[in-house]
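Numbering (my numbering), first residue to last: 6 to 496. By construction, the Cβ of each residue, glycine as well, lies at the ideal position given by its N, Cα and C atoms. Source: prediction; values computed, not measured. These notes concern the structure reproduced below.
Here you go:
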């Protein structure tokens, strides 16, 4: 397959869709020398797809991009690198995420399954992607995409769909077909494969069965009983970020950091008001929206690591712990900051905060390839640093006691998901392109076991970081964290 063949031609795709009453059931990719046809003229304003394309959303996508910042060429290379890891004749089968329902007919905003998105850029459900290795050279693969066809009646209710034609013309599928007819084609592809890699799982109780699962359940004879998990191969691809991915994460971090710093300037009295401010500003300042439900924990609510109800009052004299970040092009940033609600640290608050900050800065500095450390190694050094800092503040503790005050790991991988590449080991030495969080925290229970002036305090400081060869590249520097900088915001 030629990676440099013409990619997004949304206008041409729309012209075909306008002048044809039906779409072929199974459409192979067209050769570069296409037969000349006559199409009705369609203006860019009339184009309708299920997700942004450059011709309809030039304010979001540059020419050649499939999703923000990620080009069709990069998506082709991702599939080629996966095919390179497959054995001769191997096949990878992926199912798109299903629409998730909150209650009854009320659904959540759609979020594509991350591996499916990483390989295709396709942001619709009810779809199946197949990567079929066809040779030994880089790029020897076929990309099959099964998806619902255009349907004006359905689209009147639920919005435009990409359709089968767009699967080839815009998303560069080599073969595209109707998901409702997948039973006529997928079994032959799978039967001819030397090995089948997939992460398809039985739907949980109450979840809707997707087309692939329905097909497997109706006739198990064609699908091998032994399936090889795909996620280890995907993790090996996704764990090292490309320059384009790093740029997306930096943009998310820059915007999010500025929003969090602006939040520190204001006097808040209710957690939900600060929550609403963050969500609104992430969106209006240039992110797609919030990457996850934020933690906005005033006072002792910060002792709960994942406090997200965000419905309490915030009291003068206490601190607020915020864990929040925006998403750009489906790449996220993860930031935690702690600051005094009234803008000025008390002596005890400053002492505990500075202790965590000192260790956090040291741990961030270790995020470089030439340190030859893993996340687990950095965690151990972080724990030792916190232990020494707490002892200097008068805490009578041993390393065992530290598990009470610092009950979580120092960090995790970050990327398309908040906890990215699940299953990818934290014992792996960090390499240039790994993206991680560094988030030490101290949470002091309100009991007489601990020094009185620190009881009930919670401090967490977190940055999203890209590992480089000799130094870390911090995505979230715009979120201030030095005591003098935080206090200066109210001056």
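Cα-Cα separation between residue 52 and residue 60, rounded to whole angstroms: Using only the alpha carbons, I get a separation of about 8 angstroms.
Residue of 488, 412, 288 minimising C-alpha distance to residue 348: 488
Own chain partners of residue 113 with C-beta closer than 6 angstroms, once the 5 adjacent residues on each side are dropped: 105, 107
Endpoints, the alpha helix (DSSP H) within which residue 262 is located: 248 to 269
Buried versus exposed call for residue 477 [16 or more other C-beta atoms within 10 Å across all chains shown]: By the neighbour-count definition (other C-beta atoms within 10 Å, threshold 16), residue 477 is a buried residue.
Contacts around residue 282, its chain only, beta-carbon distance under 7 angstroms, and the 5 residues preceding and following it disregarded: 268
Cβ-based neighbour list, residue 42, same chain, cut-off 7 angstroms, excluding 5 preceding and 5 following: Confidence is the limiting factor: at residue 42 the pLDDT is only 31, short of 50, which leaves the residue's position unreliable, though a coordinate-based value still follows. None.
Residue 412: first and last residue of the uninterrupted beta strand (DSSP E) it sits in: Premise fails: residue 412 is in no beta strand (DSSP E) and is neither H nor E.
Where residue 441 falls, given that 16 or more other Cβ within 10 Å makes a residue buried: buried
Simplified DSSP assignment, three categories, for residue 359: The three-state reading of DSSP puts residue 359 in helix, counting H, G and I together.
Residue 270 burial status per 10 Å Cβ neighbour count (16 or more: buried): exposed
Residue-level contact to chain D via CB, residue 114, 9 angstroms cutoff: Chain labels in this structure do not include chain D; a single protein chain is all it has.
Beta-carbon contacts of residue 265 that lie in its chain and below 7 angstroms, excluding the five residues immediately before and after: 327, 329, 340, 342, 484
Cβ-Cβ distance between residue 216 and residue 151 below 9 angstroms: yes
Buried or exposed (CB count within 10 angstroms, at least 16 for buried), residue 183: buried
Backbone secondary structure at residue 71 - three-state DSSP: strand
Spatially closest choice to residue 299 from 97, 313, 288, 307, by CA coordinates: It is 313 whose Cα lies nearest to the Cα of residue 299.
Contact set for residue 124: own chain, Cβ-Cβ below 6 angstroms, skip 5 residues either direction: 83, 84
Paired residues, beta bridge with residue 448 - DSSP: 463
Cα-Cα separation, residue 334 to residue 73: 5 angstroms
First through last residue of the beta strand (DSSP E) which encompasses residue 149: 146 to 152
Cβ contact (3+ pairs, closer than 8 angstroms) linking the stretch 282 to 295 and the stretch 234 to 250: no
Unbroken alpha helix (DSSP H) run spanning residue 302, endpoints: Taken as a continuous stretch (DSSP letters only), residue 302 belongs to no alpha helix (DSSP H), being part of the beta strand (DSSP E) at 300 to 303.
contact_flag[the stretch 418 to 428, the stretch 391 to 401] where n(CB pairs < 8 angstroms) is 3 or more: no
Residue nearest to residue 135 in terms of C-alpha spacing, selected from 205, 242, 413, 148: 148
Beta-carbon proximity check, residue 96 vs residue 190, cutoff 9 angstroms: no
Delimiting residues of the alpha helix (DSSP H) encompassing residue 192: 191 to 196
Limits of the alpha helix (DSSP H) - the one that residue 342 falls within: Careful: residue 342 lies outside any alpha helix (DSSP H), inside the beta strand (DSSP E) at 340 to 345.
Same chain, Cβ closer than 8 angstroms to residue 490, five either side skipped, listed in chain order: none
Where the alpha helix (DSSP H) through residue 288 begins and ends: 276 to 289
For residue 101 and residue 2, the rounded distance between their alpha carbons: No answer is possible for residue 2: it lies beyond the span of the chain, which begins at 6 and ends at 496.
Coil, strand or helix - residue 369 by DSSP: DSSP places residue 369 in helix when its eight states are reduced to three.
Endpoints, the beta strand (DSSP E) within which residue 183 is located: It spans 180 to 183 - the beta strand (DSSP E) in which residue 183 sits, taken as one unbroken run.
Same chain only: Cβ atoms within 6 angstroms of residue 301, ignoring 5 sequence neighbours per side: 276, 279, 280, 315, 327
Residues near residue 381 in its chain [Cβ-Cβ closer than 7 angstroms; skip 5 each side]: 431, 432
Counterpart residues of residue 111 in DSSP-defined beta bridges: Beta-bridge pairing links residue 111 to 108.
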